[in-house]
Amino acid sequence: MLRVWLRHFDKNHTGKILHREFKEGLTALRFPSDIDALWSEINTDASDELFYEDVATTPETLEQYSLWTDFVRWAGMQFGGGPKDMIRQLKRFAVEEGVSASVRGAKEVLTENDVIMGLPQCGWEHGQEELLFMLMDVNQEGNASIRDLRWLDVAARRSQAKEKAKKRAAKVSEQRAKNRFLCNLALEDFKGMLHKQYGPLFRAWRRVLDADGSMTLQRAELFKVCQTLHWHGNMRYLWKALDHDGSG
Numbered sequence: 001m002l003r004v005w006l007r008h009f010d011k012n013h014t015g016k017i018l019h020r021e022f023k024e025g026l027t028a029l030r031f032p033s034d035i036d037a038l039w040s041e042i043n044t045d046a047s048d049e050l051f052y053e054d055v056a057t058t059p060e061t062l063e064q065y066s067l068w069t070d071f072v073r074w075a076g077m078q079f080g081g082g083p084k085d086m087i088r089q090l091k092r093f094a095v096e097e098g099v100s101a102s103v104r105g106a107k108e109v110l111t112e113n114d115v116i117m118g119l120p121q122c123g124w125e126h127g128q129e130e131l132l133f134m135l136m137d138v139n140q141e142g143n144a145s146i147r148d149l150r151w152l153d154v155a156a157r158r159s160q161a162k163e164k165a166k167k168r169a170a171k172v173s174e175q176r177a178k179n180r181f182l183c184n185l186a187l188e189d190f191k192g193m194l195h196k197q198y199g200p201l202f203r204a205w206r207r208v209l210d211a212d213g214s215m216t217l218q219r220a221e222l223f224k225v226c227q228t229l230h231w232h233g234n235m236r237y238l239w240k241a242l243d244h245d246g247s248g
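Residues in the sequence shown are numbered consecutively from 1, following UniProt numbering.
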C-alpha cells in the first residue's frame, strides 16, 4: 500500500497529494471506476488535499508511514548533498564490510545490502532497513537509483531551510538579549547620574524630566535633558528602556 502511494501518488514524499496527483495516479493504475466520485468519497472535508492517513487501511500501514516520514526527515539532515551523497555514504560502509552487491552501474544505485549495512553506520537508530529499502525501490527493480531517490533533494532543501530559519531565529534572539542588556545598562547609568545630581529620583523627575508638570516625557524632551545634563550615554538605548511598550 505505502509503496504504491509513493510510486504513483506522493512522488515528492510530502505526505499529501492534490486532486490532480490523485487523478494521475489512478489513471496510471488504470482504475476502472469514477475517479472524481472516489475522491469526493475519501476527501470528506472537500479540500484540494489528501493525506496518506486518509487512505491507510490498517494500523500497520500507518506505523510504516510514520517510520518512513521519520526516515525522510533524518535523511534530509544526514545526506545534505542529495541522492548521490546518500549513495556514496551508504556504499562506503557496505564496501568496507565486503557486502556491496556487484550490479551494473553499481556506483549509481543502492542495493538492499548497502542500505542494511550503511544506515546504522550513518546514525540511523530505528531499524527496519529492509522495509526502508523496499520503499526506496519503488519500481521493484532490486535497487534504488538516483531517480528513485529524488525525494531526498526536497527533504534536504527542507532541512537546510529549517536550519537557516533556526539560525536566523537564534541570531534575532541573541540581538534582542544584547539590546535589552544595553538598554538596562544605559538606564542604570542615567539613573545613577540623576541620583548623583538630584538625590531621590522623584526630585529629578519634577525638576528636569517633567518640568512642565504634564506627567509625561516625550523622546525629544528626554534627548534635550540628556544634552543639558551632559549625559554621554546612548540616548536611543535609554529611550527604549523607558518606552518599553513602544507607545512613544
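Positions of the beta carbon are idealized from the N, C-alpha and C atoms, including for glycine. Just so you know, these numbers come straight off a predicted model, no measurement behind them.
{"Query": "For the beta strand (DSSP E) containing Glu11, list its first residue and its last residue.", "Result": "Checking the displayed sequence, the identity of residue 11 turns out to be Lys instead of Glu. Lys11 -> no beta strand (DSSP E), and no H or E assigned at all."}
{"Query": "Output the residue ranges of the beta strand (DSSP E) runs that lie fully inside the stretch 140-166 and measure 3 residues or longer, sorted by chain position.", "Result": "none"}
{"Query": "Pairs of beta-carbons, one from the stretch 105-125 and one from the stretch 48-61, closer than 8 Å: are there three or more?", "Result": "no"}
{"Query": "Compare the C-alpha of residue 261 against each of Gly76, Leu229, Met86 and name the closest.", "Result": "What the structure shows of the chain is the stretch from 1 to 248, and residue 261 is not part of that stretch, so it cannot be assessed."}
{"Query": "CB Arg3 to CB Val154, shorter than 7 Å?", "Result": "no"}
{"Query": "Glu21 by DSSP, collapsed to three states: which one?", "Result": "helix"}
{"Query": "With a Cβ-Cβ cutoff of 7 Å, do Glu108 and Ile146 count as a contact?", "Result": "yes"}
{"Query": "Under the rule that 16 or more other beta-carbon atoms within 10 Å means buried, what is Ile42, buried or exposed?", "Result": "exposed"}
{"Query": "Give me the Cβ distance between Gln160 and Gly82, rounded to the nearest whole Å; I'm assuming they're in contact under 8 Å.", "Result": "That pair is no contact at about 11 Å."}
{"Query": "For Glu49, which of helix, strand or coil comes out of DSSP?", "Result": "strand"}
{"Query": "DSSP puts Val109 in a beta bridge; with which residues?", "Result": "Ser145"}
{"Query": "Quick one: give me the first and last residue of the alpha helix (DSSP H) that Trp68 is part of.", "Result": "59-78"}
{"Query": "Touching or not, the stretch 177-185 and the stretch 235-247, by the rule of three or more beta carbon pairs under 8 Å?", "Result": "yes"}
{"Query": "Between Gly25 and the rest of its own chain, which residues show a CB-CB distance below 6 Å, the 5 nearest in sequence each way excluded?", "Result": "His8, Phe9"}
{"Query": "Going straight from the alpha carbon of Thr57 to that of Leu6, what length do you get?", "Result": "15 Å"}
{"Query": "Just list the residues that DSSP pairs Lys16 with in beta bridges.", "Result": "Phe51"}
{"Query": "Just the C-alpha distance for His195 and Arg219, rounded to the nearest angstrom, thanks.", "Result": "21 Å"}
{"Query": "With 16 other CB atoms within 10 Å as the buried threshold, where does Gly118 fall?", "Result": "buried"}
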